[in-house]
Amino acid sequence: MEASIRNLADRGVLCCMCGAFSDKWFDVALRCGKVAEPLQVDWGKHIDPAAVDRQLATGKFDTVTLTHSETSTGVMNPLEDICSVLAKYPEVTLVLDTVSSFSAVKIEMDVLGIDVMLTGAQKALALPPGFSLFSVSEKAFARAENIQNRGFYFDFLQFREEQAEWMTPSTPSVAHIHALQSKLDEIFEEGIEARFARHAHTNALVHDWVRRSGFDFFAEEGFRSKTLTCVKNNKGIDVLEFARKLREKHHLVIDPGYGKIRGQTFRLSNMGDETEQSVSHLLACLDQVL
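FYI, the numbering for the sequence shown is 147 to 436, going by my numbering.
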């Protein structure tokens, strides 16, 4: 995130904010000394492409940050529609956080005109945390060439130079690289489209459970993540006790809500290595605890 801001932001950053992780972009931009403004919506709501259009029409911004799947709220933003808006402003670069969507849903970076796409190892890729991956467009590299103070550790141009020699600017987490190599073998063996379909199917199983159990969704209809579900605690249960019983009785862990919506929601994941069998087992155990 910091690398993207340091390498691309010059005139101003428009931070699309709809939850705990997308909200961090604004803090990152300010700490990097950049001019930034929030495009803030209530948690559980999606980023409106029309609102992005109105902001970009002011000419104040040369960089937009967007989180595809907001992990804290279970919102999946309308990526294609937002990218269509960005296409009207070729001087603006788009940075996309795909931590909980990468490899689980289709994201056509080049077709959509995404300039930096970044992800972490610990969510949809189902690897241990501590490793980040990013892809940079030629447009973004060209922007970086004209940006001063890109920093030492985060210089995209240095990464590109080292990449040409199959190197990195500093010693990477080699263990993560081997883990990623193994994970990619698994992904291609399963098949990309089959992986997308598996996530859609297990996501639907969770959604069916939410409705059947009398709970509601925190995210809006039509804008819900395909990799996790943020469940609204409309039944008024003790979410922390619910999670504790699940852990003690079944050795399963769910998140009892992130940040300011802790206790008001809980999150159920179907991302990464989860299958119909593992998700169905989780849901059966949830029923027993309820």
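Where is the CB? At the ideal position from N, CA and C, for every residue including glycine.
Counted as a single uninterrupted DSSP element, the beta strand (DSSP E) harbouring Thr411 occupies residues Thr411 to Ser415. In this structure, the beta-carbon distance from Ala166 to Tyr404 falls below 7 Å.
Counting only residues of its own chain and dropping the five nearest sequence neighbours on each side, Gly158 has a CB closer than 6 Å to the CB of Val181, Lys206 and Phe207.
Remark: three or more beta-carbon pairs, one from each stretch, lie closer than 8 Å, so the region 214-224 and the region 185-199 are flagged as touching. Looking from the CA of Ser316, the closest CA among Ile407, Phe300, Leu326 and His324 belongs to Phe300.
Remark: C-beta atoms of Ala155 and Thr209 approach each other more closely than 7 Å.
With contacts defined as CB atoms closer than 7 Å, Asp401 and Asn380 fail to qualify as a contacting pair. For Lys285, the uninterrupted alpha helix (DSSP H) segment begins and ends at Glu284 to Ala290. Linking Leu240 to Leu202 through their CA atoms gives a straight-line distance of about 12 Å. When the beta-carbon positions are compared, Lys252 and Phe364 stay at least 7 Å from each other. Within the same chain, Glu148, Ile151 and Arg152 come within 7 Å of Cys178 by CB-CB distance, once the 5 residues on both sides are set aside.
Here the alpha carbons of His322 and Cys161 stand approximately 30 Å from one another. Counted as a single uninterrupted DSSP element, the stretch harbouring Thr219 is not any beta strand (DSSP E), since DSSP gives it neither H nor E. When DSSP states are grouped into helix, strand and coil, Ser281 belongs to the strand group. Contact between Leu436 and Ser359 holds, since their C-beta atoms are separated by about 7 Å, short of 8 Å. Going by DSSP, Asp199 is part of the alpha helix (DSSP H) stretching over Pro195 to Leu202. The continuous alpha helix (DSSP H) containing Met255 extends over residues Met255 to Leu258. With a minimum length of 3 residues, the unbroken runs of beta strand (DSSP E) contained wholly in the region 342-423 fall at 374-378 and 411-415. For Ala325, the uninterrupted alpha helix (DSSP H) run begins and ends at Val320 to Glu336, by DSSP. Setting aside the 5 residues that flank it on each side, Gly409 is surrounded in the same chain by Val385 and Gly403, each with a C-beta closer than 6 Å to its C-beta; the list follows chain order.
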